[in-house]
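Have a look at the structure below before the remarks.
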Amino acid sequence: MGERADALLDVRNVEVVYNDVILVLRGVSLRVDRGEIVALLGANGAGKTTLLRAITGLLEVHRGQITKGAVHFKGEPVDHEDPSKLVRAGVSQVMEGRRIFAELTVDENLKAGAYTVRDKTKAAAGYERVMELFPALRPRRGDTAGYMSGGEQQMLAIGRALMASPQLLLLDEPSLGLAPLIVEQISEIITTVNEQGTSVLLVEQNAHMALSIADRAYVLENGRIVKDGTGAELLDDDDIREFYLGVGEAGRKSFRDVKSYRRRKRWSA
Amino acid sequence: MTQFLQACFDGLALGSQYALIVMGFVVIYRATGIINFAQGGALILGAYMTYNVSNTWGWNFYLAIVVSAVVVAIFSILLQRAMLQRIFRETIGVIGGLLLWAASVYNGASHAVGVVVGVVAGLVIWQLAARIEARVGARGPSELPLFGAIMVTIGVLFVVRQIVATIWGFGELNVEDPWELDTTMVGDVILQNAKIATIVLAALGLGLFFIIDRYTRIGIAMRATHFDHEAAIAQGISTKLVFATAFGLAGVVAALAGTSAASGANLITPQIDTIVFLAFPAMILGGFDSPGGAVAGGMLVGIFQNLVKTYVAQPPGWFPTDDLTWLGAGFERVAIFVVMILVLLVRPYGLFGTEEVRRV
Numbered sequence: 050m051g052e053r054a055d056a057l058l059d060v061r062n063v064e065v066v067y068n069d070v071i072l073v074l075r076g077v078s079l080r081v082d083r084g085e086i087v088a089l090l091g092a093n094g095a096g097k098t099t100l101l102r103a104i105t106g107l108l109e110v111h112r113g114q115i116t117k118g119a120v121h122f123k124g125e126p127v128d129h130e131d132p133s134k135l136v137r138a139g140v141s142q143v144m145e146g147r148r149i150f151a152e153l154t155v156d157e158n159l160k161a162g163a164y165t166v167r168d169k170t171k172a173a174a175g176y177e178r179v180m181e182l183f184p185a186l187r188p189r190r191g192d193t194a195g196y197m198s199g200g201e202q203q204m205l206a207i208g209r210a211l212m213a214s215p216q217l218l219l220l221d222e223p224s225l226g227l228a229p230l231i232v233e234q235i236s237e238i239i240t241t242v243n244e245q246g247t248s249v250l251l252v253e254q255n256a257h258m259a260l261s262i263a264d265r266a267y268v269l270e271n272g273r274i275v276k277d278g279t280g281a282e283l284l285d286d287d288d289i290r291e292f293y294l295g296v297g298e299a300g301r302k303s304f305r306d307v308k309s310y311r312r313r314k315r316w317s318a
Numbered sequence: 095m096t097q098f099l100q101a102c103f104d105g106l107a108l109g110s111q112y113a114l115i116v117m118g119f120v121v122i123y124r125a126t127g128i129i130n131f132a133q134g135g136a137l138i139l140g141a142y143m144t145y146n147v148s149n150t151w152g153w154n155f156y157l158a159i160v161v162s163a164v165v166v167a168i169f170s171i172l173l174q175r176a177m178l179q180r181i182f183r184e185t186i187g188v189i190g191g192l193l194l195w196a197a198s199v200y201n202g203a204s205h206a207v208g209v210v211v212g213v214v215a216g217l218v219i220w221q222l223a224a225r226i227e228a229r230v231g232a233r234g235p236s237e238l239p240l241f242g243a244i245m246v247t248i249g250v251l252f253v254v255r256q257i258v259a260t261i262w263g264f265g266e267l268n269v270e271d272p273w274e275l276d277t278t279m280v281g282d283v284i285l286q287n288a289k290i291a292t293i294v295l296a297a298l299g300l301g302l303f304f305i306i307d308r309y310t311r312i313g314i315a316m317r318a319t320h321f322d323h324e325a326a327i328a329q330g331i332s333t334k335l336v337f338a339t340a341f342g343l344a345g346v347v348a349a350l351a352g353t354s355a356a357s358g359a360n361l362i363t364p365q366i367d368t369i370v371f372l373a374f375p376a377m378i379l380g381g382f383d384s385p386g387g388a389v390a391g392g393m394l395v396g397i398f399q400n401l402v403k404t405y406v407a408q409p410p411g412w413f414p415t416d417d418l419t420w421l422g423a424g425f426e427r428v429a430i431f432v433v434m435i436l437v438l439l440v441r442p443y444g445l446f447g448t449e450e451v452r453r454v
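Printed below as a string of structure tokens:
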């Protein structure tokens with residue numbers, strides 16, 4: 050783990066409130082260093098998406114607000130920045146549920162992703178890079194994006210985010226609703242993108258997929274980070290194995306035991 | 095046959111006007127979700143600006159159209175900034191000031207006095223609104239609900255009518271356009287030059303719009319914002335710029351529509367915006383969010399309206415009765431609403447409106 054100076058993204062003690070009353074994040078700290086893949090695990094409602102919104106400045110759309118703490122990107126505070134400034138600074142995101150522009154063509158989706166890229170040659174280079182990463186998109190360039198398969202749509206969504214040549218890529222559940230084979234492809238692509246020099250913050254429920262490619266990982270529950278460590282450490286962790294990977298010490302669990310789930314957590318607050 | 099072609103040509107010219115008007119509504123609706131009734135005000139302003147520049151200042155007529163388009167575009171963008179950037183008290187101040195200026199001029203004050211009254215009143219209202227906002231505890235930039243914004247646009251429409259009447263009076267004015275009452279004969283069909291010009295003007299305006307919408311960066315941004323607002327923001331698309339562009343483009347087409355409604359045999363009055371309400375069936379037929387539908391709907395309604403008008407006045411030979419006068423004068427305007435209702439029964443999203451793209 051690098052020094053603080055290496056931190057590309059630094060979230061410090063962030064608290065987020067929706068509609069002035071609903072406290073979703075209760076002091077979350079998290080760091081992504083240059084060149085890392087960091088995974089963020091958590092069940093539904095843990096606050097994963099909210100954390101991403103806090104980073105990208107999309108909270109305002111949902112009437113949310115950072116009430117405490119700070120988000121720094123490349124050492125600069127970015128928690129009250131305009132979302133477009135953040136994209137320009139080098140943070141792109143793939144939103145949960147893909148959120149491609151279904152009525153636009155594949156090419157138009159990619160052009161929308163390159164909105165902040167003013168330089169034509171850079172935009173063309175970005176486009177070529179996306180086409181190399183996702184050869185399946187090339188023959189479908191002129192097709193309406195909404196009619197593609199879920200896997201292709203996810204690839205388009207990732208491609209669209211890469212068009213801005215980000216330094217940090219935020220991925221919100223890219224494996225959602227996809228077949229295991231496609232999930233594997235996606236995780237390979239994430240690794241490739243990372244090797245090409247983009248740091249990744251990967252939010253996932255598919256713990257196996259996330260931990261197998263992550264350098265480090267955090268576990269978020271009820272708006273708090275309850276565990277963190279390297280990917281390998283967490284893969285070996287008994288609690289993670291039991292609650293996120295579904296394998297207990299005695300092999301597969303019976304559903305009869307699920308009732309005692311909450312009580313048995315060793316870290317429970 | 096001549097009768098039919100004549101009706102079709104006149105319908106095409108009328109349809110071009112409808113298409114320009116509907117396009118203004120569609121582009122704003124698509125970007126912001128607002129039905130901008132102030133579009134009618136923009137049309138009035140466009141007609142009078144063209145009049146003012148070409149008649150009063152004596153500039154070249156075509157230059158007058160350009161000036162008018164620019165002025166109305168700026169007016170539209172300012173309106174949008176006031177409404178959507180939520181500087182609400184300023185808006186109220188400006189509107190109140192303009193109204194009091196108009197009121198004092200009606201009551202016999204000179205323009206100079208009127209301006210002073212308006213400025214003072216505007217400042218007072220602005221301050222009052224700010225106080226009230228502080229009292230009710232609206233913190234920071236409060237969001238104007240969509241419905242509220244639509245109501246504001248209706249208010250703006252009425253204000254613009256009064257302002258225009260204050261400056262240029264209630265009387266009928268004749269814009270000195272180069273076409274006047276000249277006609278061109280093609281076979282037995284009489285083509286009024288002003289109507290040909292309307293069609294050309296619409297083709298230019300709409301063509302420009304489609305090129306921007308299809309191929310430019312801001313065009314793609316506009317469409318992306320329409321289909322998924324949040325995802326568009328996440329791409330770094332500036333919604334402020336998208337909204338401003340939409341309102342600006344709407345202003346340009348409104349100015350063109352206003353100018354064409356003022357050209358040829360037509361005279362202008364501050365009530366020239368009634369044509370906006372006749373364009374509504376075209377908008378609903380075409381589908382609210384489809385620019386292509388705006389053009390198609392406009393043309394269909396324009397041609398249909400003229401066909402009905404022609405054949406109600408003089409029913410064709412095979413028709414069982416040759417007297418349809420009992421339908422009343424102006425029945426063609428009723429007929430387009432009837433057709434609109436029929437189409438809506440079959441296709442609630444209009445002929446070209448997007449329902450929602452879903453994978454099968």
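Chains B and A supply the protein sequences, listed in that same order.
Quick note: to get this note's numbering, add 49 to the position in the first sequence (first position is 1).
Quick note: to get this note's numbering, add 94 to the position in the second sequence (first position is 1).
Glycine included, C-beta positions come from ideal geometry on N, C-alpha and C.
The structure presented is a predicted model; accordingly, all values stated were derived computationally and were not measured.
Item	Value
With respect to the beta strand (DSSP E) encompassing T321 (chain B), which residues constitute its N-terminal and C-terminal limits?	Here chain B comprises residues numbered 50 to 318, so residue 321 (chain B) is not present and cannot be evaluated.
At a Cβ threshold of 9 Å, is L58 (chain B) touching chain A?	no
With 9 Å set as the bound, which would you pick, yes or no: does the beta-carbon of A213 (chain B) sit closer than that to a beta-carbon of chain A?	yes
Run through DSSP, which three-state label would P235 (chain A) get?	Its pLDDT being 42, under 50, P235 (chain A) is placed unreliably by the model, and the measurement read from it follows with that caveat. Three-state DSSP puts P235 (chain A) in coil, outside helix and strand.
Bridge partners for F398 (chain A) per DSSP, in chain order?	Paired residues: none, contrary to the question.
Using the beta-carbon count (16 or more within 10 Å), is D286 (chain B) buried or exposed?	buried
What's the gap between the Cα of F122 (chain B) and the Cα of I128 (chain A)?	36 Å
9 Å is my cut-off, CB to CB: does G191 (chain B) come that close to chain A?	no
With a threshold of 16 other CB atoms inside 10 Å of the CB of S204 (chain A), please say whether the residue is buried or exposed.	exposed
Along the chain, where does the alpha helix (DSSP H) that runs through E266 (chain A) open and close?	E266 (chain A) -> no alpha helix (DSSP H), and no H or E assigned at all.
For M197 (chain B), which of helix, strand or coil comes out of DSSP?	coil
Below 8 Å on the Cβ atoms is my contact criterion, and I expect N287 (chain A) with L361 (chain A) to pass it. Report the Cβ-Cβ distance as a whole number of Å.	Contact doesn't hold; Cβ gap of about 17 Å is too wide.
Can you give me the Cβ contacts of A213 (chain B) inside the same chain, cut-off strictly under 7 Å, excluding the 5 residues immediately before and after it?	V136, S141, G162, A163, T165 and V166
For L225 (chain B), tell me which candidate among B:N243, B:V275 and B:L251 has the shortest Cα-Cα distance.	B:L251
In the DSSP assignment, find the unbroken beta strand (DSSP E) run with E324 (chain A) in it and report its ends.	Per DSSP, E324 (chain A) belongs to no beta strand (DSSP E); it is in the alpha helix (DSSP H), H323 to A328.
Can you tell which of B:I231, B:L211 and B:E201 has its C-alpha closest to the C-alpha of K171 (chain B)?	B:L211
Taking C-beta pairs closer than 8 Å, name the residues in chain A that Q142 (chain B) reaches, listed in chain order.	A328
Using a Cβ distance threshold of 8 Å, determine whether the region 281-299 of chain A contacts the region 109-117 of chain A, with at least three qualifying pairs required.	yes
Is it buried or exposed, Q421 (chain A), if we count other Cβ atoms within 10 angstroms and call 16 or more buried?	Sequence inspection shows Leu at residue 421 (chain A); the Gln mentioned does not correspond to that position. Exposed, because fewer than 16 other Cβ atoms sit within 10 Å of the Cβ of L421 (chain A).
Going by the beta-carbon positions, is the gap between I149 (chain B) and F183 (chain B) smaller than 9 Å?	no
Check the Cβ-Cβ distances between F321 (chain A) and every residue of chain B, and say whether any is below 9 Å.	yes
So with Cβ pairs under 9 Å, would you call A315 (chain A) a contact of chain B?	yes
What are the start and end residues of each continuous beta strand (DSSP E) run of 3 or more residues lying completely inside the region 73-160 of chain B, in chain order?	86-90, 113-122 and 140-143
List the residues that DSSP assigns as beta-bridge partners of L217 (chain B).	B:V140 and B:S248
So that I know if they touch, is there some Cβ in chain A lying closer than 9 Å to that of A161 (chain B)?	yes
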